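Residue 5 is where the sequence shown starts when you use this note's numbering, and the numbers rise one by one after that.
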Amino acid sequence: MHPVLRLLLRRAGMSALVLIGVSVLIFVIARVIPGDPARIALGPNATVEQVANLRDALHLDQPVWRQYGHFIADLARGDLGVSLYTNRPVTTDIAQFLPATLELVFAAAILMIGLGLPLGILSARYRGGIIDNSIRVVALLGVSAPSFVWAVILMLLFAFFLPIFPIAGRLSTDFLIEPVTGFLLVDTLLAGNPAAFGNAVSHIALPAFALALSGIGQAARLTRANMVETYDRPYIEMARSYGFPERRIAGRFAFRPSLIPSLTILGLDFAAMLGNAFLVEAIFAWPGLSRYGVAVILRKDLNAIIGTVLIISATFLIANLIVDLLIAWLNPRIRHGRGTGG
5 MHPVLRLLLR
15 RAGMSALVLI
25 GVSVLIFVIA
35 RVIPGDPARI
45 ALGPNATVEQ
55 VANLRDALHL
65 DQPVWRQYGH
75 FIADLARGDL
85 GVSLYTNRPV
95 TTDIAQFLPA
105 TLELVFAAAI
115 LMIGLGLPLG
125 ILSARYRGGI
135 IDNSIRVVAL
145 LGVSAPSFVW
155 AVILMLLFAF
165 FLPIFPIAGR
175 LSTDFLIEPV
185 TGFLLVDTLL
195 AGNPAAFGNA
205 VSHIALPAFA
215 LALSGIGQAA
225 RLTRANMVET
235 YDRPYIEMAR
245 SYGFPERRIA
255 GRFAFRPSLI
265 PSLTILGLDF
275 AAMLGNAFLV
285 EAIFAWPGLS
295 RYGVAVILRK
305 DLNAIIGTVL
315 IISATFLIAN
325 LIVDLLIAWL
335 NPRIRHGRGT
345 GG
């Protein structure tokens, strides 16, 4: 079996076990925290009989292990139950809110990679100079404050003092776009409406940049540190002795080996943005899954809580699986069957 395929199968198996563990953990936690979901859903004016009927429908009167059995049986049919918050199937809610969060996180990830890695390369190439010191200061500022702080700062700067960007929602009400993928940047292009696309970009710019700033700083610092270490290796001196231009040395001989350790951290940063997105979504009124998840947690909506956590966990695991495959592609020892142990 090809080493990369073996790596893929091993990581996929581990991811499946992790998802099972997450489902058990969140299922138990959601049921032992104080509060009666049926009473919270029906309100204080509901009768005892109404609460009892809802508890029976949710299997809350049964032991936790039996409730988990009902959950797994429903999950095998693709049924996550009905949300007590929206009175709709949880799968319908996830299908509505997940694309908005993924679009925001993907946009932030593009900014994180597209800005963080080049800044790290520049900083390493001109280490010790004014460019290096300036980038290090910017990177330190990026990682020194959480995303929601940057969200407030950006909103004040570019929405109130300089009214350049909108501050709420995903698209102005002037545009009516038929949803196809749920990703407005894609749907506006599919609709052939460049004005709507530009409007969607203006809406996502501030929340995506606020979410990405910490990752940009992290990516720049890691890339610089790894490349500075690589620059001190003998083969870099050999490349210089052969007369290769500095740009080629930086891009081909120093950056690619330095990217491997950075990719692991970037994958974790991407996953962290899924968890951090709820504060940014709340500030910019972004109708995403993270914001929905906070709302259902406050109402102890068991089905919606478990569904949201499982989807976010699955996205986290898929992101890490993609990072593992990218590392295998970049690392010849893995591609050729060496160094695959562990």
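Note that beta-carbon positions come from the ideal geometry of N, C-alpha and C, so glycine has one too.
Since the model is a prediction, treat every value here as computed from it, not as a measurement.
With DSSP run on the structure shown, which of helix, strand or coil describes residue i?
i	result
V86	strand
P261	helix
P167	coil
P93	strand
G343	Only weak support is given to the placement of G343: the predicted model assigns it a pLDDT of 49, under 50, and the value that follows is read from those uncertain coordinates. Coil.
F179	coil
Y72	helix
P67	coil
I37	coil
R140	helix
G47	coil
N324	helix
N197	coil
A172	coil
G311	helix
F31	helix
L62	coil
F101	helix
P211	helix
P238	helix
R129	helix
T185	coil
G247	coil
G292	coil
D273	helix
D305	coil
P150	coil
R10	helix
R228	helix
R15	helix
A332	helix
Suppose contacts are defined by Cβ-Cβ distances below 8 Å. Is residue i in contact with residue j by that definition?
i	j	result
L166	G221	no
A223	I125	no
F274	R295	no
A149	F288	no
R15	L325	yes
L119	T227	no
F169	F162	yes
S206	T234	no
V300	Y89	yes
G82	V94	no
L334	I264	yes
L29	A318	no
Which whole-angstrom value describes the C-beta separation of residue i and residue j, a residue pair presumed to lie in contact below a C-beta threshold of 8 Å?
i	j	result
S87	D97	6 Å
A254	L11	Rounded, the Cβ-Cβ distance is 29 Å, inconsistent with contact.
P183	L108	Contact flag wrong, Cβ pair sits at about 16 Å.
A258	I240	6 Å
I315	L123	That belief does not hold up - the Cβ atoms of I315 and L123 are roughly 32 Å apart, past 8 Å.
W290	V284	7 Å
R174	A104	6 Å
L330	L272	Not quite, the Cβ-Cβ distance comes to about 14 Å (not below 8 Å), so this is no contact.
Exposed or buried, what is residue i when buried is set at 16 or more other beta-carbons lying within 10 Å of its beta-carbon?
i	result
N203	buried
V327	buried
F187	buried
R242	Sequence inspection shows Met at residue 242; the Arg mentioned does not correspond to that position. That one is exposed.
T177	exposed
Y246	exposed
D191	buried
W154	buried
M277	buried
I322	exposed
G25	exposed
G39	exposed
F320	buried
L280	A quick correction: the sequence has Asn, not Leu, at residue 280. The residue in question, N280, is buried, as its Cβ has 16 or more Cβ neighbours within 10 Å.
M18	exposed
V313	buried
G219	buried
I139	buried
If you pair each beta-carbon of the region 304-316 with each one of the region 37-46, do three or more pairs fall below 8 Å? yes
Inspect the CB distances between the region 96-112 and the region 207-218 and report whether three or more fall short of 8 Å. yes
Taking 8 Å as the threshold, find out whether the region 122-137 comes into contact with the region 192-204 through three or more Cβ pairs. no
Inspect the CB distances between the region 28-35 and the region 306-324 and report whether three or more fall short of 8 Å. yes
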